[in-house]
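Structure first, commentary second.
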Amino acid sequence: MLPTAWHEEIWSCSWCYAATHVGGEWFEIGRPPYLPMEMRWEKADADGLSADVSHAFGIIDRTLCGIQEVGMSPSDYWWQPERENACEACREAAVVISERWPQAMRSEDARLSVVRRPAAG
């Protein structure tokens with residue numbers, strides 16, 4: 001018997017940082033398509049981060065380079081790796097992560113989306 005209510009979770013791959021959304025009303029599994037580095041990460045926002053260096057928000061409370069601050073969140077702005085003040089360690093991590101994404105999964109058609117609907121009856 002299927003549960004009557006579903007909750008939603010976001011699973012993040014620690015290898016390629018692909019975010020997979022799981023759950024919701026129809027138990028959807030969806031992963032956004034590949035995006036280039038300059039469109040993939042938001043700038044990290046936290047009280048403990050220096051204003052002089054721009055860090056990429058990686059996963060929960062952590063930058064791509066590994067800085068962890070309680071309450072860290074993505075800002076409303078893209079992290080721009082080509083800028084002079086971009087964290088070099090975040091840039092290096094972004095290059096490695098981007099190279100890990102399989103070439104065959106980089107087109108819009110490669111998007112993963114599965115929906116499991118409850119059985120009728």
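Sequential numbering of the sequence shown, starting at 1, is according to our numbering.
Heads up, the beta-carbon is just placed ideally off N, CA and C, and yes, glycines get one too.
The structure displayed is predicted, hence computed values, not measured ones.
Per the DSSP calculation, residue i is bridged to which residue(s)?
i: D45; result: S73
i: R62; result: I59, Q68
i: W78; result: E42
i: S54; result: A86
So what's residue i in DSSP terms, helix, strand or just coil?
i: S107; result: coil
i: R40; result: coil
i: A86; result: strand
Measure from the alpha carbon of residue i to the alpha carbon of each residue in the options, then state which is nearest.
i: G58; options: S50, D52, I67; result: I67
i: R40; options: M72, T63, A46, W78; result: W78
i: A44; options: E38, D61, P33; result: D61
i: S50; options: M105, M72, E9, E92; result: M72
Please return the same chain residues whose Cβ sits closer than 6 Å to the Cβ of residue i, not counting the five positions on each side in sequence.
i: P174; result: Residue 174 is absent from the structure shown; the chain starts at 1 and stops at 121.
i: A86; result: S54
i: S107; result: none
Once the 5 residues before and after residue i are set aside, which same chain residues still bring their CB inside 8 Å of it?
i: R83; result: S54
Please report whether the beta-carbon of residue i lies at a distance below 7 Å from any beta-carbon of chain B.
i: S73; result: Looking at the structure shown, chain B is missing, and only one protein chain is on hand.
Leaving out five residues before and five after residue i in sequence, what residues of the same chain have Cβ atoms less than 7 Å from its Cβ?
i: S98; result: M37
Closer than 6 Å: is that where the CB of residue i sits relative to any heavy atom of the ligand GDP?
i: R40; result: Although the ligand GDP was asked about, the structure shown includes no ligands whatsoever.
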